[in-house]
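J.: If you read the sequence shown in numbering that gives the first Met the number 0, its first letter stands for residue 0, the second for the next number, and so on. Virtual Cβ for every residue (Gly too), placed ideally from N, Cα, C. This is the structure, below, for whatever I ask next.
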Amino acid sequence: MDDHHLGQIEQIMKALYKSWSSDSSSKWSQDNPAKGQCGVTALIVNDLLGGEIRKTKLLEGWHFYNVINGKRYDLTISQFKEDILYMDVPSNRNEAFSDTNEKQYNYLKQSVINQLSFSKERGTLNI
0 MDDHHLGQIE QIMKALYKSW SSDSSSKWSQ DNPAKGQCGV TALIVNDLLG GEIRKTKLLE
60 GWHFYNVING KRYDLTISQF KEDILYMDVP SNRNEAFSDT NEKQYNYLKQ SVINQLSFSK
120 ERGTLNI
């Protein structure tokens, strides 16, 4: 992935951090904002950058993340204290959506787009 895509991921990550809340996951907390956000976040990243959605089985259940141009991007890894042994099981939008709901998805997508639009107006984003 080139520098352009890395810059996009960084901008999306910043937008996600500002957007994650109890409106995007019932498991959210100030101490652990990424908790419960994996499915909805994987969907938003997939909306914005394409690629594939993959999953790995953890004690709490399936954990979703993205693979773009062959590179893994787990934007919710900060919710875990332990390292993850990634299985990279192919997944899809329907499976990731089973980890969220329409209200949470719509909220997070709109919030991230608003954050990115604000960045774009300032000339720091090129999606």
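1. Between which two residues does the beta strand (DSSP E) containing Leu47 stretch?
2. Using only alpha-carbon positions, find the residue among Leu115, Ser23, Met86 that is nearest to Arg130.
3. Does Tyr72 come out as helix, strand or coil in the three-state DSSP assignment?
4. Considering only DSSP beta bridges, list what Leu57 is partnered with.
5. In chain order, what residues of the same chain have a beta carbon less than 6 Å from the beta carbon of Pro32, not counting five sequence neighbours either side?
6. Measure from the alpha carbon of Gly69 to the alpha carbon of each residue in Thr75, Lys102, Pro89, then state which is nearest.
7. Let me know the secondary structure DSSP gives Asn65 once reduced to three states.
8. Taking Leu107 as the reference, give the member of Leu5, Gln10, Lys34, Asp22 with the closest Cα.
9. Could you work out which residue in Thr40, Tyr16, Gln78, Ser116 is closest to Asn100 when comparing CA atoms only?
10. Am I right that Lys13 and Ser24 are in contact with their C-beta atoms under 8 Å? What's the rounded C-beta distance?
T.: Walking through what the data contain:
1. Looking at the DSSP string, Leu47 is not in any beta strand (DSSP E); the run it does join, the alpha helix (DSSP H), is 37–48.
2. Coverage of the chain is limited to positions 0 through 126, which leaves residue 130 absent and any answer about it impossible.
3. DSSP places Tyr72 in strand when its eight states are reduced to three.
4. Partner(s): Gly60.
5. The residues are Trp19.
6. Shortest Cα-Cα distance from Gly69 to any of Thr75, Lys102, Pro89 involves Pro89.
7. Three-state DSSP puts Asn65 in a strand.
8. It is Asp22 whose Cα lies nearest to the Cα of Leu107.
9. Of the listed residues, the one whose Cα sits closest to Asn100 is Thr40.
10. Not confirmed; about 18 Å, so no contact.
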